[in-house]
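Protein sequence lines, in the order shown, are assigned to chains A and B.
Just so you know, we're using the numbering used here here: the first sequence kicks off at 1070 and counts up by one.
Just so you know, we're using the numbering used here here: the second sequence kicks off at 10 and counts up by one.
Where is the CB? At the ideal position from N, CA and C, for every residue including glycine.
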Amino acid sequence: MAEVIEEVAPAFAEDGADQDVPSRSRAVRSGPRKGPVTYLLRLVVTAYLFLLVAWPVSFVVTHTFEDGLTGIRLLFEDPDTVSALRLTVVVAVVAVVINTIFGVGVSLLLVRYEFPGKRLLSALIDLPLSVSPVVVGLALVLVYGGRDGWVGPTLEANGLQIIFATPGLVLATAFVALPLVIREVVPVLKEIGTDQEQAARSLGANGRQTFWRITLPAIKWAVVYGVVLSLARSLGEFGAVKVVSGNVLGETRTATLVVEEKYLNFDQQGAYATAFLLAMVSVACIVVVALIRPRSDR
Amino acid sequence: MSIEVRSVSKRFGDFVALDDVNVSIPTGQLTALLGPSGGGKSTLLRIIAGLDSADSGTVRIEGADATRLPPQKRNVGFVFQHYAVFKHLSVAKNVAFGLEIRKRPKKEVAERVAELLDLVHLSQFAHRLPSQLSGGQRQRMALARALAVEPSVLLLDEPFGALDAKVRKELRDWLRRLHDEVHVTTVFVTHDQEEALEVADEIVVINQGRVEQVGTPDQLYDEPANEFVMGFLGEVTNLGGRLVRPHDIDLATHAQPGWVAGEVDRVLRVGFEVRVSVCTGDAPVTVVLSRTHARSLALKAGAQVWLRATTGALTVPVGGGTPFSLPAIQPVP
């Protein structure tokens, strides 16, 4: 038996050898055309990005460091600002954790199951992207407001204050960042299909084992990317938070509200420094992902 | 009997995928589910594996009722057409998956994986990712992965369908030899009659959700139960209202009593054989001759010829009915 199989083996080695043919042919293919139109388009795009993004943001940086590091130093010496930064981080992290768990679950539901109202659910998930955050804030106050909200008074009577407290901030932040994880994960789930999961099931894995060992590793980068986007969005949320926060100094004032407060009080340096910090965290998130994400993905 | 399928039906909306199917798969054999695309054979395989559920009917595996069992409790190995490799795991980890799920000791897992990779000739690729393998190698890895859990039955869903013709043929031979070594009850789905005839011990022909015939390759080829089976297992042509295989037709260049007269329409040489298209009044008849035979007859388009089914050849009346072999001596009117 053994020697019969031997005969086949060299042929198999051969089909292994030609596997990198496609990548070679890709290298041979000529690069994109470089005509005058290409350069014109490049110029337009660069100018657009410069005027809209790079220039204004660079002003934030230059204003922050007008007096060297004093702007940043003063910020960290002010206990109110420090507590605002801490609150922002706490709220953002909690909102991201909620959105990640919920987002992965909903994505699985949307991709892997058929049920009535699926399209409606899918449309609802996009709602936070299209509705103004201020509207979100007002809606939350209407439902959870302590004085005349829908369920707010009952909750408050039982010792749980939502509006003008941290839970309200988390709710508002989670609401506006809700679609980000889902919109990253859904296409990847669709693309990987169910073959791998079915193979895992046939090999004896139960639902939980299949999720942790097969599905999650396959959607890992989509989840990471969704988390980073959500985190960046959550840290920078202003409108919805502004409505539900009540802006209580040292208690419900977040970093974005600090920026507004300082700006309105003619503390421009402080406003720029805080804004700079917020921007840096978001940029850092995206840089970190770009660095750790393997090149082969996407 | 290793697998007993009893009165299984399955619909997808209005489409009837399986209609009251009864099949018994013998233990230790290599069985092919053969039929045209959309005929229900893959659905049947998936129902046996538990990846789809039947609307009605029962499935028994090794004597135990498996109808309501989830796939992970059926102890079946399943190999998918598109490999279904775990992309993020190395070849060795892919093969080890089922054993790790079963919490076998590390040492035992490592030994078993090494053994299986050796069996499928992938030992030197153990630490590669599946993306670094060719299609044929991936499918062999998937086969090793399915065999690792020592399944009571191995199910293969068009296992070589996504591979090119040459690799497909090699893997087909290899599967046959592997089965002779491992002896696990194996069922594979294919729409390629050559593949089924070459590899399988037994063939189940499925068409439009029904089992048309069950038998050994020889039985199916020599005694097809009906027109469909005969047509699906090999080329047929219509000679005077009966279906007959084109290589089972005698061709004469002089008038013969009782033979069907016709005129040669086209002569086409394909490799070692010559295909002659003859107009006989109704549909054109295809006759396949060997190269030497055709040359000795010096056939040309427009020539008058006379045809009949070769003595002992299998013919089936067009429009259903049971087939029969012609008697050895053709009655002369």
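Which two residues bound the contiguous alpha helix (DSSP H) that contains Q1267/A?
Taking the first residue of the first sequence as position 1, residue 1267/A is located at position 198. Here the alpha helix (DSSP H) through Q1267/A covers D1264 to S1271.
Q | 8 Å contact criterion, which I215/B and K50/B should meet: CB distance rounded | A | For this step, residue 215/B is matched to residue 206 along the second sequence. For this step, residue 50/B is matched to residue 41 along the second sequence. 5 Å between Cβ atoms; contact.
request  = Tell me whether S299/B is buried or exposed, calling it buried when 16 or more other Cβ atoms sit within 10 Å of its Cβ.
outcome  = One-based indexing of the second sequence puts residue 299/B at position 290. In this structure S299/B is exposed. Its beta-carbon is surrounded by fewer than 16 other beta-carbon atoms within 10 angstroms.
**Asked** Should L1258/A and S1176/A be called a contact, given that it needs their Cβ atoms to be closer than 8 Å?
**Response** Taking the first sequence and counting its residues from 1, one reaches residue 1258/A at position 189. Taking the first sequence and counting its residues from 1, one reaches residue 1176/A at position 107. For L1258/A and S1176/A, yes; Cβs fall inside 8 Å.
Excluding the five sequence neighbours on either side, which residues of its own chain have a C-beta within less than 8 Å of the C-beta of G243/B, listed in chain order?
Position 234 of the second sequence, counted from the start, is the residue given in the question as residue 243/B. Sequence-distant partners of G243/B (beyond 5 residues in either direction) whose C-beta falls short of 8 Å from its own C-beta, in its chain, are Q202, Y230 and R254.
Notebook entry, point to check: For the alpha helix (DSSP H) that A1340/A lies in, which residues bound it at each end?
Noted result: Here residue 1340/A refers to the residue found at position 271 when the first sequence is read from its first residue. Counting along the chain, A1340/A sits inside the alpha helix (DSSP H) bounded by residues Q1337 to I1361.
- Boundaries (first-last residue) of the alpha helix (DSSP H) holding K115/B: By one-based count along the second sequence, residue 115/B stands at place 106. Per DSSP, K115/B belongs to the alpha helix (DSSP H) from K115 to L128.
Which residue marks the beginning of the beta strand (DSSP E) containing I34/B, and which one marks its end? Here residue 34/B is taken as the residue at index 25 of the second sequence, counted from 1. Counting along the chain, the beta strand (DSSP E) containing I34/B begins and ends at F24 to I34.
Is it a yes or a no for the region 320-328 of chain B touching the region 250-269 of chain B, going by three-plus beta-carbon pairs under 8 Å? Touching, per the Cβ criterion.
*asked:* Our contact map puts L60/B next to T195/B with C-beta atoms below 8 Å; I'd like the distance itself, whole angstroms only.
replied: Within the second sequence, numbered from 1, the residue matching residue 60/B stands at position 51. Within the second sequence, numbered from 1, the residue matching residue 195/B stands at position 186. With a beta-carbon spacing of about 17 Å, L60/B and T195/B fall beyond the 8 Å limit used to define contacts.
Taking buried to mean at least 16 other C-beta atoms within 10 Å of its own C-beta, is F1119/A buried or exposed?
Translated into positions along the first sequence, residue 1119/A becomes position 50. With fewer than 16 other Cβ atoms inside 10 Å of its own Cβ, F1119/A counts as exposed.
Item checked: Strand pairing of L1147/A, partner residues [DSSP] -> Taking the first sequence and counting its residues from 1, the one referred to as residue 1147/A is at position 78. First, the residue type needs correcting, since residue 1147/A is Asp and not Leu in the sequence shown. DSSP output for D1147/A lists no bridge partner at all.
Apart from the five residues on each side of it in sequence, which residues of its chain come closer than 7 Å, Cβ to Cβ, to E1083/A?
As a working mapping, residue 1083/A is identified with position 14 in the first sequence. Residue confidence is low: E1083/A scores 40 on pLDDT, short of 50, so the model does not pin down where it sits. Its coordinate-derived value is still stated next. No residues qualify anywhere along the chain.
- prompt: What's the C-alpha gap between D1087/A and V1165/A?
  reply: In the first sequence, residue 1087/A corresponds to position 18, counting from 1. In the first sequence, residue 1165/A corresponds to position 96, counting from 1. Any answer about D1087/A is weak, because its pLDDT of 40 lies below 50 and its placement is not dependable; what the coordinates show is given next. In a straight line, the C-alpha of D1087/A is about 45 Å away from that of V1165/A.
For N1334/A, count neighbouring Cβ atoms within 10 angstroms of its own Cβ and tell me buried if that reaches 16, exposed if not.
-> Position 265 of the first sequence, counting from 1, holds the residue named residue 1334/A. Counting every other CB atom within 10 Å of its CB across the protein chains shown gives N1334/A a total below 16, marking it as exposed.
Worksheet entry | Assigned exposure category for Y1213/A - 16 Cβ within 10 Å defines buried | Locating residue 1213/A in the first sequence gives position 144, where the first residue counts as 1. Counting Cβ neighbours within 10 Å, Y1213/A comes out buried, since at least 16 surround it.
Compare the Cα-Cα distances from H130/B to each of H136/B, P139/B and Q146/B and report the closest residue.
Locating residue 130/B in the second sequence gives position 121, counting from the first residue. If you compare the alpha carbons of H136/B, P139/B and Q146/B with that of H130/B, the shortest gap goes to Q146/B.
query: So which residues of chain B does P1286/A contact, with C-beta pairs closer than 7 Å?
result: Residue mapping note: residue 1286/A aligns to position 217 of the first sequence, counting from 1. Neighbours of P1286/A on chain B, chain order: H97.
Practice item. Leaving out five residues on either side along the sequence, give the residues of the same chain with a beta carbon under 7 Å from the beta carbon of L27/B. Key: For the purposes of this step, residue 27/B is identified with residue 18 of the second sequence, where counting begins at 1. The answer, listed in chain order, is V17, S18, K19, G49, T52, L53 and G218.
Since R1277/A meets chain B, which of its residues come closer than 7 Å, beta carbon to beta carbon? Taking the first sequence and counting its residues from 1, the one referred to as residue 1277/A is at position 208. Within chain B, no residue comes near R1277/A; the closest Cβ sits about 11 Å away, beyond 7 Å.
Would the beta-carbon of A135/B fall within 8 Å of that of V100/B? Taking the second sequence and counting its residues from 1, the one referred to as residue 135/B is at position 126. Taking the second sequence and counting its residues from 1, the one referred to as residue 100/B is at position 91. Cβ atoms of A135/B and V100/B: closer than 8 Å.
Open item on the list: Would D1264/A pass as an interface residue toward chain B - the criterion being a Cβ-Cβ separation below 8 Å?
Closed with: Residue numbering aside, residue 1264/A sits at position 195 when the first sequence is read from its first letter. With 8 Å as the cut-off, D1264/A counts as an interface residue toward chain B.
**Asked** Okay, do the region 144-159 of chain B and the region 1271-1291 of chain A touch, 3+ Cβ pairs below 8 Å being the bar?
**Response** The region 144-159 of chain B vs the region 1271-1291 of chain A: in contact.
Identify each residue in the region 1183-1217 of chain A for which the Cβ-Cβ distance to at least one residue of chain C is less than 7 Å, and report them in chain order.
The structure shown contains no chain C; its protein chains are A and B.
Can you name the start and end residues of the alpha helix (DSSP H) that D189/B belongs to? Counting from one through the second sequence, the residue named residue 189/B turns up at place 180. Run containing D189/B: A174 to V191, per the alpha helix (DSSP H) assignment.
Problem - Strand pairing of G271/B, partner residues [DSSP] - result: Working through the second sequence from its first residue, we reach residue 271/B at position 262. When beta bridges are read from the DSSP output, G271/B appears opposite V314/B.
Quiz item: Using DSSP with H/G/I as helix, E/B as strand and the rest coil, what is A1153/A?
Solution: If you number the first sequence from 1, residue 1153/A lands on position 84. Three-state result, A1153/A: helix.
Check your understanding: Quick one: is L12/B near chain A, going by C-beta distance under 8 Å?
Key -> Numbered from its first residue, the second sequence carries residue 12/B at position 3. Before going on, a small fix: residue 12/B reads as Ile here, not Leu. No - not a single Cβ of chain A is within 8 Å of the one on I12/B.
How many angstroms separate the CA atom of G1060/A from the CA atom of T1325/A? No answer is possible for residue 1060/A: it lies beyond the span of chain A, which begins at 1070 and ends at 1367.
Mind pulling the chain A residues with CB within less than 9 Å of F106/B? The sequence position of residue 106/B within the second sequence is 97, counting from 1. Within chain A, the C-beta atoms nearer than 9 Å to that of F106/B come from A1268, A1269, L1272, G1273, A1274, R1282 and I1283, in chain order.
query = Expressed to the nearest angstrom, what Euclidean distance is found between the alpha-carbon atoms of V1210/A and V1162/A?
reply = Here residue 1210/A refers to the residue found at position 141 when the first sequence is read from its first residue. Here residue 1162/A refers to the residue found at position 93 when the first sequence is read from its first residue. V1210/A and V1162/A have their C-alpha atoms spaced approximately 22 Å apart.
Cβ atoms of V118/B and E109/B: under 8 Å apart, would you say? Start at 1 with the first residue of the second sequence, and residue 109/B comes out as number 100. Start at 1 with the first residue of the second sequence, and residue 118/B comes out as number 109. In contact: E109/B and V118/B (Cβ atoms closer than 8 Å).
Open item on the list: For K96/B and S140/B, which I take to be in contact (beta-carbon distance under 8 Å), what is that distance rounded to the nearest angstrom?
Closed with: The sequence position of residue 96/B within the second sequence is 87, counting from 1. The sequence position of residue 140/B within the second sequence is 131, counting from 1. Yes, they are in contact, since the Cβ atoms of K96/B and S140/B sit about 6 Å apart, within 8 Å.
query: Can you tell which of H302/B, A270/B, T289/B and G290/B has the C-alpha that lies nearest to the C-alpha of R278/B?
result: Within the second sequence, the letter at position 269 stands for residue 278/B. Taking R278/B as reference, the option from H302/B, A270/B, T289/B and G290/B with the minimal CA-CA separation is H302/B.
Discussion item. Taking the alpha helix (DSSP H) that K102/B belongs to, which residues open and close that run?
Written reply: Your numbering for residue 102/B matches position 93 in the second sequence. For K102/B, the enclosing alpha helix (DSSP H) stretches over residues V100 to I110.
Subject >> Cβ-based burial, K82/B [other Cβ within 10 Å; buried from 16] >> reply: Counting from one through the second sequence, the residue named residue 82/B turns up at place 73. That one is exposed.
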